[in-house]
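In what follows, a structure is listed as structure tokens, so that the remarks can point back to it.
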Amino acid sequence: MILTENKPLAPFTTFGIGGPARWFVEALSEQEIVAAAVWADEHGAPLFVLGGGSNLLVSDAGFDGLVLKIGLRGITAPLHPDASGQVVYQAAAGEDWDQFVERTVLDRCAGIECLAGIPGTVGGTPVQNVGAYGQEVASAIERVRAFDRKERTFVEFLAAECCFTYRHSRFNSTDRERYIVTHVDYRLTPGGMPTVRYGDLHRALAESKPQNAELSLSEIAAIVRRIRQSKGMLVVEGDPDCQSAGSFFKNPAVSKEQLQHIAANSGKEPPIYPIENRGLLASHPLLEVETSLKSEEIALFKVPAAWLIEQAGFSKGYALGRAGVSSRHTLALVNLGDRNGQTGASAAEILALAHQIVATVEKRFGVRLEMEPVMVGF
Numbered sequence: 018m019i020l021t022e023n024k025p026l027a028p029f030t031t032f033g034i035g036g037p038a039r040w041f042v043e044a045l046s047e048q049e050i051v052a053a054a055v056w057a058d059e060h061g062a063p064l065f066v067l068g069g070g071s072n073l074l075v076s077d078a079g080f081d082g083l084v085l086k087i088g089l090r091g092i093t094a095p096l097h098p099d100a101s102g103q104v105v106y107q108a109a110a111g112e113d114w115d116q117f118v119e120r121t122v123l124d125r126c127a128g129i130e131c132l133a134g135i136p137g138t139v140g141g142t143p144v145q146n147v148g149a150y151g152q153e154v155a156s157a158i159e160r161v162r163a164f165d166r167k168e169r170t171f172v173e174f175l176a177a178e179c180c181f182t183y184r185h186s187r188f189n190s191t192d193r194e195r196y197i198v199t200h201v202d203y204r205l206t207p208g209g210m211p212t213v214r215y216g217d218l219h220r221a222l223a224e225s226k227p228q229n230a231e232l233s234l235s236e237i238a239a240i241v242r243r244i245r246q247s248k249g250m251l252v253v254e255g256d257p258d259c260q261s262a263g264s265f266f267k268n269p270a271v272s273k274e275q276l277q278h279i280a281a282n283s284g285k286e287p288p289i290y291p292i293e294n295r296g297l298l299a300s301h302p303l304l305e306v307e308t309s310l311k312s313e314e315i316a317l318f319k320v321p322a323a324w325l326i327e328q329a330g331f332s333k334g335y336a337l338g339r340a341g342v343s344s345r346h347t348l349a350l351v352n353l354g355d356r357n358g359q360t361g362a363s364a365a366e367i368l369a370l371a372h373q374i375v376a377t378v379e380k381r382f383g384v385r386l387e388m389e390p391v392m393v394g395f
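Our numbering puts the first residue of the sequence shown at 18, with every later residue one more than the last.
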């Protein structure tokens, strides 16, 4: 285990923001993960597990503890389908997520093709229950292997034991900071059809493919990447809109009464998506089709946070100091510095803009937006 002191963290994040880690280790094996976790416990040091750095904001002061970067590599690909006709891929937590998706798509295995282009690593996908364009990893995950810091042993969780809900799992809620993911198994379907549920996908396909034309997994993955890039949600070197943490706010779930309040204060009905629920958000709110306010059987609705932000007066390109709203998508906050000789934005500036947006949306619509990135060192 190679321990480094005062390691700058900004280069490890897509935001390009943040101070140094007091101590830093990159683990290339499960044994090194154990060693780092034990070292942190013995020295009374807080431990933060770093993956691809795509969904976090590091404070300007940095992290006064040990940052453990997961560098485990390796993908085990199946030779033959099992009795169910499906195959199980095992991917190490440090593998690049988009490259893993591309591997499965080239193998013509369906199940995660709509998650192409998402930055980060494999290990972060079960933690956040990553989802986009009509799919969530919860529907594909078979098993998660992790190191239990409390018991100091390795454990494996089946998907049903991970407590997946919308952008949540046991790993970022009830058991936050207890487990360090090392490998994830994904159950996919060889020769399966791509998932086309999301409105943006339907519209893109209508423009590029003849009606009823057969779709390949590769085509769907490529279209998803193009859509993500058009919104500044694809990491492209040199693209100023890519200095972000992706979606900065979660889409809120609101009641019918809140919808009526939103409509009254905006002068128009908001776009809404149904969430079937029994007191909690459903595990797979995937159907992204606009529905009517007249539906009686739906208790909660998902409202696009981007729409609320725009209606509150924050347009694309809005800036507050060196922090800004993406010029292509109001859901992303961006670092406007680090270009043309300017100093990069600070974490404090990003949070000031975020708090301004949250306060304004809540004042106008009575809905408090929840920030999505992980906050480190605050």
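The C-beta atom is built at its ideal place from N, Cα and C for all residues, glycine as well. Remember, predicted model here, so these are calculated numbers, not experimental data.
Worksheet item: Mind checking if GLN373 is an interface residue toward chain D, Cβ cutoff 9 Å exclusive?
Response: Looking for chain D here will not work: only one protein chain is present.
Worksheet item: Can you give the beta carbon distance from VAL384 to GLN277, rounded, assuming they're within the 8 Å contact cut?
Response: With 8 Å as the limit, VAL384 and GLN277 do not qualify as a contact, their Cβ atoms being about 12 Å apart.
Discussion item. So, does the region 373–380 touch the region 52–66, judging by three or more C-beta pairs under 8 Å?
Written reply: no
Worksheet item: Tell me the DSSP bridge mates of SER264?
Response: ALA349
Item to complete: Could you check the C-alpha separation between LEU175 and CYS131 for me, to the nearest Å?
Response: 23 Å
Worksheet item: Where VAL66 and ALA281 are concerned, what is the direct C-alpha to C-alpha distance, given to the nearest angstrom?
Response: 44 Å
Worksheet entry | C-alpha distance - VAL320 paired with VAL213, whole-angstrom precision | 21 Å
Worksheet entry | For LEU83 and GLY394, the rounded distance between their alpha carbons | 11 Å
Worksheet item: Roughly how many angstroms separate the alpha carbons of CYS259 and LEU350, rounded to a whole number?
Response: 10 Å
Worksheet item: If you compare alpha carbons, which of GLU366, GLU49 and CYS179 is closest to ARG339?
Response: GLU366
Discussion item. Rounded to the nearest angstrom, what separates MET18 and GLU194 at their Cα positions?
Written reply: 21 Å
Worksheet item: So what's PRO211 in DSSP terms, helix, strand or just coil?
Response: coil
Item to complete: Would you check if the distance between the CB atom of GLY68 and the CB atom of THR138 is smaller than 9 Å?
Response: yes
Worksheet item: Buried or exposed: where does ASN23 fall if 16 or more other Cβ atoms within 10 Å of its Cβ makes it buried?
Response: exposed
Fill in: Distance CB(GLU159)-CB(PHE181) smaller than 9 Å
no
Practice prompt. Please say whether LEU348 and PHE265 have beta carbons closer to each other than 9 Å?
Written response: yes
Item to complete: Return the CA-CA distance between ARG125 and GLY209, expressed in angstroms with no decimal places.
Response: 7 Å
Worksheet entry | Short Cβ contact (9 Å threshold) for ALA329 with VAL201 | no
Discussion item. What does DSSP give as the partner residue(s) for GLU173 in the beta ladder?
Written reply: ARG162
Discussion item. Quick check on this structure: which residue in LEU89, TRP324, HIS97 and ALA100 has the alpha carbon closest to the alpha carbon of TRP114?
Written reply: LEU89
Worksheet item: Expressed to the nearest angstrom, what Euclidean distance is found between the alpha-carbon atoms of PHE29 and ALA362?
Response: 16 Å
Worksheet item: In or out: LYS285 buried (at least 16 other Cβ within 10 Å) or exposed?
Response: exposed
Worksheet entry | Selection from GLU231, ALA108 and LYS167 that minimises the alpha carbon distance to PRO143 | ALA108
Discussion item. Using a 10 Å radius around the Cβ and a threshold of 16 neighbouring Cβ atoms, would you call LYS86 buried or exposed?
Written reply: buried
Worksheet item: PRO257: which of HIS346, ALA127 and THR206 sits nearest, CA to CA?
Response: HIS346
Worksheet entry | Closest by C-alpha distance to ARG162, when choosing among SER156, GLU173 and GLU168 | GLU173
Discussion item. Tell me the DSSP secondary structure of GLY137 in three-state form.
Written reply: coil
Fill in: Cα-Cα separation between ALA399 and VAL253, rounded to whole angstroms
Lying before the first or after the last residue shown, residue 399 is absent from the chain, which here runs from 18 to 395.
Discussion item. Mapping the DSSP letters down to three states, classify ILE197 as helix, strand or coil.
Written reply: strand
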